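Novice: The working numbering puts the first residue of the sequence shown at 317, with every later residue one more than the last.
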Amino acid sequence: MDELTAYATALGVSAAAGLNAWIPLLTLGILSRYTGIIDLTGEWDLLEQTWVLVVLAGMGVADFVGDKIPAVDHVLHAGGMVIAPVAGTVAALAASGGDGSPVIVALLAVFTAEFAQGARAAFRPVSTVGTGGTATPVVSAAEDTGSVALSVVALAAPVLAALAVVGAMIAAAFSGRFLWRRWSARRSTRGPA
317 MDELTAYATA
327 LGVSAAAGLN
337 AWIPLLTLGI
347 LSRYTGIIDL
357 TGEWDLLEQT
367 WVLVVLAGMG
377 VADFVGDKIP
387 AVDHVLHAGG
397 MVIAPVAGTV
407 AALAASGGDG
417 SPVIVALLAV
427 FTAEFAQGAR
437 AAFRPVSTVG
447 TGGTATPVVS
457 AAEDTGSVAL
467 SVVALAAPVL
477 AALAVVGAMI
487 AAAFSGRFLW
497 RRWSARRSTR
507 GPA
């Protein structure tokens, strides 16, 4: 793996961690243990140990179920603001295989996972209020599916995953800016409270 591929892989798995912190770690461990798609080396091979896979699967199931319940999902997202960047950094460093600068990989991972988690946490209350919580399970399932897909694509086609992540980040930034302006304009027309 060259440096560019390492950075692209790091971008993909850390964005996946922003959507669901446990999925990229579990994906890396399973794929390293049972396939030839990735070979975790050094201390990172810990992710393919049975007890680690069981713990990650347990955390993943708890997150999967809890994230489908309105109000519980918001608590999980608050915790995710810390958990996602940590999980994203671990996944990125493990997946990059030591190629590229570990500092750049870690910084890229922290920023990307935090951005994805922040966008997710900002969008979810809008979805919950707008649908009375009925869309929460659907939105959560879409995030989980996206995390699995992004984790696998980041390993199989890293540049494609990186392009998708950058595109999604740009779209999220423009959407957030548009919604902020719209909200601000609506608030200013109401006058002082």
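All C-beta atoms in this analysis are idealised placements derived from N, C-alpha and C, irrespective of residue type, glycine included.
Quick caveat: nothing in here was measured; it's all calculated off a predicted structure.
Using a Cβ-Cβ cut-off of 7 Å (strictly less than) and excluding sequence neighbours within five positions of Ala488, which residues of its own chain qualify?
Specialist: By one-based count along the sequence shown, residue 488 stands at place 172. The residues are Ala435.
Novice: With distances taken from CA atoms, which of Ala326, Arg497 and Trp338 is nearest Val398?
Specialist: As a working note, residue 398 is residue 82 in the sequence shown. Cα-wise, what sits closest to Val398 is Trp338.
Novice: With distances taken Cα to Cα, identify the nearest neighbour of Val402 among Ala480, Lys384 and Ala326.
Specialist: As a first step, residue 402 must be located in the sequence shown, where it is residue number 86. Looking at the Cα atoms, Ala326 is the closest of the given residues.
Novice: Who are the Cβ neighbours of Pro340 in its own chain at under 6 Å, not counting the five residues just before and after it?
Specialist: As a first step, residue 340 must be located in the sequence shown, where it is residue number 24. Excluding sequence neighbours, Pro340 sits near Val329, Ala332, Ala333, Ala407 and Ser467.
Novice: Would you check if there are 3 or more beta carbon pairs closer than 8 Å linking the stretch 348-365 to the stretch 404-421?
Specialist: Verdict: yes, contact present.
Novice: Classify Gln433 as buried or exposed, calling it buried when 16 or more other Cβ atoms lie within 10 Å of its own Cβ.
Specialist: For the purposes of this step, residue 433 is identified with residue 117 of the sequence shown, where counting begins at 1. It counts as buried.
Novice: Can you tell me the Cα-Cα spacing of Phe439 and Met375, whole angstroms?
Specialist: Walking along the sequence shown from the start, residue 439 turns up at place 123. Walking along the sequence shown from the start, residue 375 turns up at place 59. Distance between the alpha carbons of Phe439 and Met375 is about 23 Å.
Novice: With three or more C-beta pairs closer than 8 Å as the rule, is the stretch 412-423 touching the stretch 380-390?
Specialist: Contact fails: fewer than three Cβ-Cβ distances are below 8 Å.
Novice: Once DSSP output is grouped into helix, strand and coil, what is the label at Met397?
Specialist: Along the sequence shown, one-based indexing puts residue 397 at 81. Correct three-state label for Met397: helix.
Novice: Would you kindly check if the distance between the Cβ of Ile353 and the Cβ of Ala472 is under 9 Å?
Specialist: Mapped onto the sequence shown, residue 472 falls at position 156. Mapped onto the sequence shown, residue 353 falls at position 37. Yes.
Novice: With a Cβ-Cβ cutoff of 9 Å, do Ala451 and Thr444 count as a contact?
Specialist: To locate residue 451, count along the sequence shown from 1; it is residue 135. To locate residue 444, count along the sequence shown from 1; it is residue 128. Their beta carbons are under 9 Å apart, which means Ala451 touches Thr444 by this criterion.
Novice: Is the beta carbon of Ala478 closer than 9 Å to that of Ala324?
Specialist: Along the sequence shown, read from residue 1 onward, the residue named residue 324 stands at position 8. Along the sequence shown, read from residue 1 onward, the residue named residue 478 stands at position 162. Taking 9 Å as the Cβ cut-off, Ala324 and Ala478 qualify as a contacting pair.
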